[in-house]
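Some notes on the structure that comes next.
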Amino acid sequence: LIEYCSKVPTVLSPNFSIGVNVFWRIIELTTKYLYDYDVEIVEIHHKHKKDSPSGTALKAAEIIKRVLSEKDKKVELKLCREGISPRGNEIGVFGIRGGDVVGEHTVYYFGSGERIEITHRALSRECFANGAIIAVKWINNIEKPGVYSMNDVLGF
């Protein structure tokens, strides 16, 4: 893939939904202001989904971790906590599988006496196809070979 991308322009993304890409931008901004809050991520998908947590949830965690590191706050990812332990500097990432849920991702910010929830719900797979079509139209106008992201496509 790397060799191919060095010859032609390519858009790579763990999720082509426009809404998910805006969701990632929103949590990036939110984390800059709520860096002292506890953060948890919960994602829900249909019972046949193979990976857990999803690539979308892991990308959200990566964004949050990057922003927190810019604030000199080191955190680690905890995938599905086990046992009883005090909370440290960590981001919990939980995957739930059941029914026919297309996809739902929620980032929780827990402060003292308040909680903020930011959620994206895919109600059909159409949103992924629409984003891919937008990416294809965009990449057709790019001449320079390389790997591009949906941030490039959307002008973020």
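First residue of the sequence shown? That's -11 in my numbering, and the numbers climb one at a time after it. Glycine included, every Cβ here is placed at the ideal spot set by N, Cα and C. Note that the coordinates shown come from a computational prediction; the quantities given were computed from them, not determined experimentally.
Grouping DSSP H, G and I as helix and E and B as strand, with all else coil, what is residue i?
| i | result |
| --- | --- |
| Val(-4) | coil |
| Asp140 | helix |
| Gly134 | strand |
| Arg109 | strand |
| Glu114 | helix |
| Phe98 | strand |
| Phe4 | coil |
| Val124 | helix |
| Leu17 | helix |
| Glu70 | coil |
| Gly119 | helix |
| Val89 | coil |
Given residue i, which residues of its chain have a CB within under 7 Å of its CB, disregarding the five upstream and five downstream residues?
| i | result |
| --- | --- |
| Leu56 | Thr19, Tyr23, Val63 |
| Ala48 | Trp12, Ile15, Ile29, His93, Val95 |
| Ser(-6) | Pro133 |
Out of the options, which one is the CA nearest neighbour of residue i?
| i | options | result |
| --- | --- | --- |
| Gly87 | Asn3, Lys35, Val141 | Lys35 |
| Tyr25 | Lys132, Ile104, Leu142, Ile127 | Ile104 |
| Lys66 | Lys125, Leu142, Val30, Ser1 | Val30 |
| Ile79 | Phe11, Lys(-5), Ser1, Glu28 | Glu28 |
| Pro2 | Gly119, Ile130, Ser100 | Gly119 |
| Arg69 | Glu58, Lys59, Val81 | Val81 |
| Arg75 | Phe98, Asn139, Asn128, Arg85 | Phe98 |
| Met138 | Ala123, Glu102, Pro(-3), Asn129 | Ala123 |
| Pro(-3) | Leu46, Asn77, Lys37, Asn128 | Asn128 |
Using C-beta distances below 8 Å, list every residue in its chain close to residue i, excluding the 5 sequence neighbours before and after it, in chain order.
| i | result |
| --- | --- |
| Phe116 | Asn3, Phe4, Ser5, Ala110 |
Got a sec: does the ligand NAD put a non-hydrogen atom nearer than 6 Å to the Cβ of residue i?
| i | result |
| --- | --- |
| Gly7 | Here there are no bound small molecules, and the ligand NAD is not part of this structure. |
Got a sec? Which residues, its chain only, sit under 6 Å from residue i by beta carbon, not counting five neighbours each side?
| i | result |
| --- | --- |
| Tyr136 | Val(-1) |
| Gly83 | Glu31, Ser40, Pro41 |
| Tyr21 | none |
Sufficient close CB pairs (3 or more, under 8 Å) joining the segment 106 to 124 to the segment -11 to 8: For the pair of segments examined, the segment 106 to 124 was found to touch the segment -11 to 8: the number of CB pairs separated by less than 8 Å reaches three.
Entirely enclosed beta strand (DSSP E) segments - the segment 36 to 63, minimum 3 residues: Along the segment 36 to 63, the beta strand (DSSP E) does not occur as any fully enclosed run of 3 or more residues.
Stretch pair the segment 39 to 56 + the segment 91 to 102: three plus CB contacts closer than 8 Å: Under the three-pair Cβ rule at 8 Å, the segment 39 to 56 counts as touching the segment 91 to 102.
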